[in-house]
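K.L.:
Sequences listed follow chains L and B, in order.
Counted the way numbering that gives the first Met the number 0 counts, the first sequence spans residues 0 to 184.
Counted the way numbering that gives the first Met the number 0 counts, the second sequence spans residues 0 to 184.
One structure follows; several queries about it will come next.
There are 2 protein chains.
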Amino acid sequence: MAEKIKVRDRILNVATDLFYRQGYNQTGINQIIAEADIAIGSLYNHFPSKGDLLVAYLEKQEEEWFAAFEHFSKGANTPREKIFRFIDFRIEQQQVSAFCGCPFIKIVAELGQDDDKIHKLVEAHKDKQRVMLQSWFKQLDYEGIDKKLLADNLFLMVEGATISTTISRNTQALESVKKFLRKLL
Amino acid sequence: MAEKIKVRDRILNVATDLFYRQGYNQTGINQIIAEADIAIGSLYNHFPSKGDLLVAYLEKQEEEWFAAFEHFSKGANTPREKIFRFIDFRIEQQQVSAFCGCPFIKIVAELGQDDDKIHKLVEAHKDKQRVMLQSWFKQLDYEGIDKKLLADNLFLMVEGATISTTISRNTQALESVKKFLRKLL
DNA sequence: CAATAAATAGATAGATCTATCTATTTTTAA
DNA sequence: TTAAAAATAGATAGATCTATCTATTTATTG
Numbered sequence: 000m001a002e003k004i005k006v007r008d009r010i011l012n013v014a015t016d017l018f019y020r021q022g023y024n025q026t027g028i029n030q031i032i033a034e035a036d037i038a039i040g041s042l043y044n045h046f047p048s049k050g051d052l053l054v055a056y057l058e059k060q061e062e063e064w065f066a067a068f069e070h071f072s073k074g075a076n077t078p079r080e081k082i083f084r085f086i087d088f089r090i091e092q093q094q095v096s097a098f099c100g101c102p103f104i105k106i107v108a109e110l111g112q113d114d115d116k117i118h119k120l121v122e123a124h125k126d127k128q129r130v131m132l133q134s135w136f137k138q139l140d141y142e143g144i145d146k147k148l149l150a151d152n153l154f155l156m157v158e159g160a161t162i163s164t165t166i167s168r169n170t171q172a173l174e175s176v177k178k179f180l181r182k183l184l
Numbered sequence: 000m001a002e003k004i005k006v007r008d009r010i011l012n013v014a015t016d017l018f019y020r021q022g023y024n025q026t027g028i029n030q031i032i033a034e035a036d037i038a039i040g041s042l043y044n045h046f047p048s049k050g051d052l053l054v055a056y057l058e059k060q061e062e063e064w065f066a067a068f069e070h071f072s073k074g075a076n077t078p079r080e081k082i083f084r085f086i087d088f089r090i091e092q093q094q095v096s097a098f099c100g101c102p103f104i105k106i107v108a109e110l111g112q113d114d115d116k117i118h119k120l121v122e123a124h125k126d127k128q129r130v131m132l133q134s135w136f137k138q139l140d141y142e143g144i145d146k147k148l149l150a151d152n153l154f155l156m157v158e159g160a161t162i163s164t165t166i167s168r169n170t171q172a173l174e175s176v177k178k179f180l181r182k183l184l
């Protein structure tokens, strides 16, 4: 028999989908409880407010990002391979989400700099990605431009290309980064 | 005597500030009319709906972007100088706005891909910037990586760095792009 | 000056939103 | 089996939001 998904998870799954695709402000509590098919009381039992649900959503995204990437990059042994897997991972993310962009960037764009908790969460997430890239470049056998500078700017390129894919609705920009990097390394 | 600012312009100026800083969904009509100190009837005389006000806001941003850049880059004669002025311009934009990011990217992040008119407006704006960069690189005396590829990826870097400045609240990322480009060119 | 247009104040419709509450039923565990 | 916990339905408070409307005043222009 089918494993029954717990109420809390149903809420979080639906909220994740809607916050990401529609945006936080454009998603109402009523839509969440309707699509999750749960009672409004249950929602407020698990999450004291919509803001708490937002935090849970982002914490889940943070956790799942690194888990998913670890799985995706399995088999990449050299630092060079890992770097390219990083780009490919973000290409795939955009493809499966129909070019919805990065949930962390989206939420900062939407809420601005007022909400400090959210802001710090996003900052920490992006830093972790950048540091990860830096460590691979450090291990890389390469004599050219300063490797840390290269890592930082590759990260920026990928960030910009991710935005660009949501605007153009295709992977062109991220492919362009790959092409550029192949010429450099 | 002081030139009286027309009602329509007062509305648009206030809306511009609020849409940009607070976000579109987080700015209500009532706040706009209060800060612009005009009657609600006047607003709906000039703009049939909040959505029309949004369009006017973006069209104004588009127009002002290129006018402001033209002024900012006056005196830059070589393509190389123009390219660096482009980065410096975007650094200055972020500094004067207290790292609020790019209004075009923000609105896409907020509204998603549903609103086709807005989406196309943003796409056209970003394309114009990219094409501008491409033309300077084309004129550039440089023998290295494919110049169009370089232009496209510099643009992506700057886009990513702009996002990054709103997250870190400093110009580090954009400065890093400059440093990287100095090594390349 | 007179006629037209533009702006104002302010009430209000009507929808939507977050959150709370009560009363009841279902599920879980001891 | 029984007591406690979790989930449900559904009403509703109370705030907020976009937009419309009326009635009046202020500016503009021929």
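Where is the CB? At the ideal position from N, CA and C, for every residue including glycine.
Values in this document were obtained by computation on a predicted structure and should not be read as measured data.
1. What runs of the beta strand (DSSP E), each 3 residues or longer, lie entirely inside the segment 0-30 of chain B?
2. For Y23(L), count the other beta carbons within 10 Å of its own beta carbon; 16 or more makes it buried, fewer makes it exposed. Which is it?
3. Does the Cβ of V13(B) have 16 or more other Cβ atoms within 10 Å, making it buried, or fewer, making it exposed?
4. So is E63(L) in contact with chain B if we call contact Cβ pairs under 7 Å?
5. If you run the structure through DSSP and keep just helix, strand and coil, what is P78(B)?
6. Check the Cβ of T164(B) against every Cβ in chain L and list those closer than 9 Å, keeping chain order.
7. Please check if any C-beta of chain L sits within less than 7 Å of the C-beta of F18(B).
8. Taking the alpha-carbon positions, what's the K137(L) to A108(B) distance?
9. Given this structure, state the Cα-to-Cα distance separating E174(B) from K49(L), to the nearest angstrom.
10. Can you pull the chain L neighbours of M131(B), defined as C-beta to C-beta under 9 Å?
11. Does L57(L) have its Cβ less than 7 Å from a Cβ in chain B?
12. Taking only beta-carbon atoms, is G159(L) less than 7 Å away from chain B?
13. Count the C-beta pairs between the segment 90-107 of chain L and the segment 56-72 of chain L that are closer than 8 Å, then say yes if the count reaches three, no if not.
14. I need the straight-line Cα distance from Q93(B) to F71(B), nearest angstrom please.
15. With DSSP run on the structure shown, which of helix, strand or coil describes V170(L)?
16. Below 7 Å between beta carbons: does that hold for H45(B) and R7(B)?
17. Can you find a CB in chain L that lies within less than 7 Å of the CB of A1(B)?
18. Using 8 Å as the cut-off, can you tell me whether the segment 147-165 of chain B makes contact with the segment 158-168 of chain L, which would need three or more C-beta pairs spanning the two stretches below that distance?
P.N.:
According to the structure data:
1. Whole beta strand (DSSP E) segments, 3+ residues: zero.
2. Classification of Y23(L): buried, given that the 10 Å Cβ count is 16 or more.
3. A residue is called buried when at least 16 other Cβ atoms come within 10 angstroms of its Cβ; V13(B) meets this threshold and is buried.
4. The beta-carbon of E63(L) is placed no less than 7 Å from the nearest beta-carbon of chain B.
5. Helix at P78(B).
6. Here the premise fails: no neighbours, minimum Cβ distance about 10 Å.
7. By this cut-off, F18(B) is not an interface position.
8. Whole-angstrom Cα-Cα distance: 33 Å.
9. The C-alpha of E174(B) lies about 37 Å from the C-alpha of K49(L).
10. Proximity of chain L to M131(B) at the Cβ level (cut-off 9 Å) is not reached, the minimal Cβ distance being about 16 Å.
11. Nearest CB-CB separation between L57(L) and chain B: not below the 7 Å threshold.
12. Among the CB atoms of chain B, one or more fall inside 7 Å of the CB of G159(L).
13. Per the Cβ contact rule, the segment 90-107 of chain L is in contact with the segment 56-72 of chain L (3 or more Cβ pairs under 8 Å).
14. Rounded to whole angstroms, the separation of the alpha carbons of F71(B) and Q93(B) is 14 Å.
15. The amino acid occupying residue 170(L) in the given sequence is Thr; Val does not appear at that position. In this structure, T170(L) counts as coil in the three-state DSSP scheme.
16. H45(B) places its beta carbon less than 7 Å from that of R7(B).
17. Reliability of the predicted coordinates at A1(B) is poor, the pLDDT of 40 falling under 50, and no value is obtained from them.
18. The segment 147-165 of chain B vs the segment 158-168 of chain L: in contact.
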